[in-house]
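Contents: one structure, followed by commentary.
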Amino acid sequence: MNALSHHSIRAVALRFLANRDYSQHEMAKKLKSKGYSYDEIALLLAELTQNKLLDDRRFAENYIYKRRTKGYGPHRIRIELQMHGLSDELIAETLKITDNAWFIDIKRVWQKHFKGKQASDFKNRAKQMRFLHYRGFTAEQVESVFHD
């Protein structure tokens, strides 16, 4: 790879990183869509990782924080991180948040969405439970909302 080509691909990658963090998988996909070769991409990813400009762990931690604050649970976040190309080990490691925190999160989401009103009948309770499951919370976490 010549110096001009390396400068070009680096500039493109830095422009992407100026807006938000990317996983290595995402960055490789974006650069490939711009027409760069696998060799150029691999070389650049190694350089960006070494310089700590590209970090899958940081991406995962920031992504989890962002999705938790928007009211999503651990299952949904896990699936989304897998779609971003992160390894299962890294996902499991970064999702290790105390169970108590997820129980607090689900109660906050339920309070906000349903205004703290317990379901009066089976149909409404099922609706509330479906919503919380869709958000990615576990069955145990969902049940905790209705049994306190």
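Taking our numbering, the leading residue of the sequence shown gets 25, the next gets one more, and so forth. No residue lacks a Cβ here, since even glycine has one placed at the ideal position from N, Cα and C.
In this structure the region 104 to 112 does not lie against the region 124 to 140, because fewer than three pairs of beta carbons, one per stretch, are closer than 8 Å. Residue nearest to Ser29 within the set Ala150, Tyr89 and Leu68 is Leu68 (criterion: CA-CA distance). Assigned with DSSP and collapsed to three states, Leu110 falls in coil, not helix or strand. Listed in chain order, the non-local C-beta contacts of Ile33 below 6 Å within the same chain comprise Tyr60, Glu64 and Leu68, local neighbours out to five positions each way being set aside. Taking the Cα positions, Arg149 is about 21 Å away from Pro98. Straight-line spacing of the CA atoms in Leu105 and Ser144 works out to 36 Å. By the Cβ criterion, the region 147 to 163 is not in contact with the region 72 to 90, since fewer than three pairs of Cβ atoms, one from each stretch, lie closer than 8 Å. For Leu68, the enclosing alpha helix (DSSP H) stretches over residues Tyr62 to Gln74.
Here His171 carries a coil assignment [DSSP, helix/strand/coil]. Under the DSSP assignment, Phe161 falls outside any alpha helix (DSSP H); it carries neither an H nor an E label. In this structure, His108 lies away from His171, with their beta-carbon atoms at least 8 Å apart. Excluding sequence positions up to five before and after Glu164, its CB lies less than 6 Å from no other CB in the same chain.
The Cβ atoms of Ser47 and Asp80 lie closer than 8 Å to each other.
Within the region 89 to 145, the alpha helix (DSSP H) runs of at least 4 residues that lie entirely inside it are, in chain order, 98 to 107, 112 to 118 and 123 to 138.
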